[in-house]
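Residue numbers (my numbering), protein chains in the order written: chain F, 60 to 515; chain C, 61 to 235.
The C-beta atom is built at its ideal place from N, Cα and C for all residues, glycine as well.
This one's a predicted model, so the numbers in the text were calculated from it and none came from an experiment.
In structure tokens, the structure reads:
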């Protein structure tokens, strides 16, 4: 039962759609009413069909007259087309004639325009990288227009334009030889734009407030995010402050072709960055180096104190136990009565006791001096291993990555040598102090005892 | 004056192409040769006086036989030999350090070479060449310093040994 009702409703809905306006404002409340409505709309439809039939019949008679009208139009348009074609041919001849005339009149000028086009093209390429463009914008647009004009068949450059090309060439040459100050907008590293006084050094560099600038693609000046060494920055500031005479200034000789030297110089890492490239081995070497220097300084201070006391002991005749020599001499003092050989043995024993305190730290310094270069080598080799592992994964297609890895691996060798060299020097100095005291104890203590005995 | 300027410019150019380590090597060389000349001047001048003083003091002694005399002689020789030997360790260290400085310069230059390689990808042989000269010139300079130092050091050491030996021979014992 239910499915039948559903189907009926579906049919009714289809009928409703086709009936359109008539049934839209009336809604069927029951199935009977719906049936009635369908019948009514059928009647209305047939009436409409009849009306349309009549309309078609009426229009059929019109068709013949329309056809003849269209034929007339076609004939007239064809005539017009023929006339135009004839005119086109005539004018084509005229154009050819005129072109010939142009060629004849141009004569050697043709060659001249060829040279002008190539000159303008060269100048266009030069101006693109020229720093003078930052001072005089808009020159490239003029050259583009001129080149377009000379390449087209129908236009000729005017005298003014030719003269301006000459003027621009001359201006580029003259300006490239000048150091000038002018005001311009500069893009700062934080993205802000500021109006600043800038100094252009020929075609080589632009600086402002002691900072080097670069020209970006839109011929705008931007402050370099990384600057060259402070030395060069102060030179730039001096140049800006100078009013006459000569000032030393760091010029990038590759400036006219894009400034690759300056870029390479800026890209190379600073000393601190290099130190960090050494990574963990680098830090260990640095720590060992700092320890070695501190140890050496401490030993130097201690030994200097001992040395001073030994010196004062040498001058006095009574043994003082605050220094090694005094302690050795006091042993001799206590054993006055014994024979020479026993005394010698006793004193040797006393000297032997003093040795470790004087020599302490010396061996450690020597070991650090030897180990530091080895540690550096270790860092270099591990760095190389990492680099070559990267190559096995990513391939050797990028020499830059490999070179960068090796360069940072070598840093630890430098660090190792930088620790070893001062440590060796300090060891020599400290060892010299210790040796002097030991010499006195070893070789002279018995002599001093003998001298003291004879003096009495 | 002109020749002097030319020479100075040549030295400057050499220093610039050798990099900062070359300055250290120059300092080391200067220091080492100062010590060597100081030793040579001492051997020619002050040493004679010291030896003569020791010999005179020894000859002035009433007796040269006892245990005391033995010990005093020993101490005298030790004092003079201490003077003769002073700074010799430093000269030796400098000779040993010179090649190390050269190595430092080499590694520093190699870092520069690889850095240029990392930036340009090997396209710029000219810039790499500056790193190579920074690597090789300090090695050469270090070697030259070490070699010159080795000869001077040998001379100084042998002279010192001979002088100490001579002093020992001069201080004769009576038996």
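Inset, instruction - Within the same chain, show all residues whose beta-carbon is closer than 8 Å to that of residue 79(F), passing over the 5 residues directly before and after it, in chain order. - result: Since pLDDT at residue 79(F) reaches only 47, below the 50 mark, its modelled position is unreliable, and no value is offered.
Legend entry - residue 83(F), DSSP secondary structure in three states: With a pLDDT of only 47 at residue 83(F), under 50, the local geometry of the prediction cannot be trusted, and the value read off the model is given with reservation. The three-state secondary structure of residue 83(F), taken from DSSP, is helix.
Inset, instruction - For the beta strand (DSSP E) containing residue 255(F), list its first residue and its last residue. - result: Here the beta strand (DSSP E) through residue 255(F) covers 252-260.
Legend entry - Neighbourhood of residue 451(F) by C-beta distance below 6 Å, restricted to the same chain and skipping five residues each side: Cβ within range, chain order: n/a, list empty.
Inset, instruction - Per DSSP, which residues does residue 242(F) bridge with? Please list them. - result: Note: residue 242(F) is bridge-paired with 256(F) in the DSSP secondary-structure output.
Inset, instruction - Note the first and the last residue of the continuous alpha helix (DSSP H) segment covering residue 88(C). - result: Its alpha helix (DSSP H) spans residues 80-104.
Inset, instruction - Could you check if residue 357(F) is buried or exposed, using at least 16 other CB atoms within 10 Å of its CB as the buried criterion? - result: Exposed is the call here.
Inset, instruction - Kindly indicate the opening and closing residues of the alpha helix (DSSP H) around residue 61(C). - result: No alpha helix (DSSP H) holds residue 61(C); DSSP gives it neither H nor E.
Legend entry - Residue-level contact to chain F via CB, residue 216(C), 8 Å cutoff: No - not a single Cβ of chain F is within 8 Å of the one on residue 216(C).
Inset, instruction - Might you give, ordered along the chain, the residues of its own chain that have their beta carbon closer than 8 Å to the beta carbon of residue 363(F), omitting 5 neighbours on each side? - result: These residues qualify, in order along the chain: 492.
Legend entry - Contact with chain C by residue 469(F), beta-carbon distance below 8 Å: Chain C contact via Cβ: present.
Legend entry - Beta-carbon separation (whole angstroms), residue 245(F) vs residue 215(F), contact threshold 8 Å: That pair is no contact at about 41 Å.
Legend entry - Best match in 80(C), 116(C), 93(C) and 227(C) for proximity to residue 169(C) [C-alpha to C-alpha]: If we check each option's Cα against that of residue 169(C), 80(C) comes out closest.
Inset, instruction - Could you please give the first and the last residue of the uninterrupted alpha helix (DSSP H) stretch that includes residue 227(F)? - result: Secondary structure note for residue 227(F): its alpha helix (DSSP H) is the uninterrupted segment 218-234.
Inset, instruction - For the alpha helix (DSSP H) containing residue 145(F), list its first residue and its last residue. - result: Segment 90-165, the alpha helix (DSSP H) holding residue 145(F).
Legend entry - Any C-beta of chain C under 8 Å from that of residue 459(F): So yes, residue 459(F) belongs to the interface.
Inset, instruction - Answer with yes or no whether the minimum CB distance from residue 225(C) to chain F is below 8 Å. - result: No, no contact with chain F.
Legend entry - Contacts around residue 159(C), its chain only, beta-carbon distance under 7 Å, and the 5 residues preceding and following it disregarded: By the criterion of a C-beta distance shorter than 7 Å, residue 159(C) is surrounded in its chain by 202, 203 and 206, once the five residues flanking it on both sides are discounted.
Legend entry - Contact with chain F by residue 156(C), beta-carbon distance below 8 Å: Output row for residue 156(C): interface = yes.
Inset, instruction - Taking all protein chains shown into account, decide if residue 133(C) is buried (16 or more other Cβ within 10 angstroms of its Cβ) or exposed. - result: Buried, because 16 or more other Cβ atoms sit within 10 Å of the Cβ of residue 133(C).
Inset, instruction - Please list, in chain order, all residues of the same chain as residue 263(F) whose beta carbon is under 6 Å from its beta carbon, the five residues on each side excluded. - result: Leaving aside the five residues that flank residue 263(F) on each side, the residues in its chain whose CB is nearer than 6 Å to its CB run, in chain order, 310, 311 and 314.
Inset, instruction - With 8 Å as the threshold, decide whether the Cβ of residue 171(C) is near any Cβ in chain F. - result: Taking Cβ atoms only, chain F reaches closer than 8 Å to residue 171(C), which makes this a yes.
Inset, instruction - Please classify residue 204(C): does DSSP put it in a helix, a strand, or coil? - result: When DSSP states are grouped into helix, strand and coil, residue 204(C) belongs to the helix group.
Inset, instruction - State yes or no: is the C-beta of residue 153(C) within less than 8 Å of the C-beta of residue 258(F)? - result: No, the pair does not count as a contact, with Cβ atoms beyond the cut-off.
Inset, instruction - Report the option in 274(F), 290(F), 234(F) and 169(F) whose CA atom is closest to the CA atom of residue 243(F). - result: Residue 274(F) is the option with its Cα nearest to residue 243(F).
Inset, instruction - Taking the CB atoms as reference points, tell me whether residue 195(C) and residue 173(C) lie closer together than 8 Å. - result: Contact flag set, yes.
Legend entry - Contacts of residue 149(C) in chain F (Cβ-Cβ under 8 Å): Here the neighbours are 487, 490, 491 and 494.
Inset, instruction - Check whether the Cβ of residue 167(C) lies closer than 8 Å to any Cβ atom in chain F. - result: At a cut-off of 8 Å between beta carbons, residue 167(C) contacts chain F.
Inset, instruction - Please state if the CB of residue 513(F) and the CB of residue 128(C) are separated by a distance shorter than 8 Å. - result: Taking 8 Å as the Cβ cut-off, residue 128(C) and residue 513(F) qualify as a contacting pair.
Inset, instruction - Give me the Cα-Cα distance between residue 140(F) and residue 152(F), rounded to the nearest whole angstrom. - result: Residue 140(F) and residue 152(F): Cα-Cα distance of roughly 18 Å.
Inset, instruction - Mark residue 116(F) as exposed unless 16 or more other C-beta atoms lie within 10 angstroms of its C-beta, in which case mark it buried. - result: Flag for residue 116(F) reads exposed.
Inset, instruction - Pull up the CB-CB distance for residue 486(F) and residue 421(F), whole angstroms please, since I reckon it's below 8 Å. - result: The Cβ separation is near 7 Å, so the contact holds.
Legend entry - Sheet register partners of residue 197(C) (DSSP bridge): None; residue 197(C) has no bridge partner.
Inset, instruction - Could you confirm whether any beta carbon from chain F is found closer than 8 Å to the beta carbon of residue 192(C)? - result: No - not a single Cβ of chain F is within 8 Å of the one on residue 192(C).
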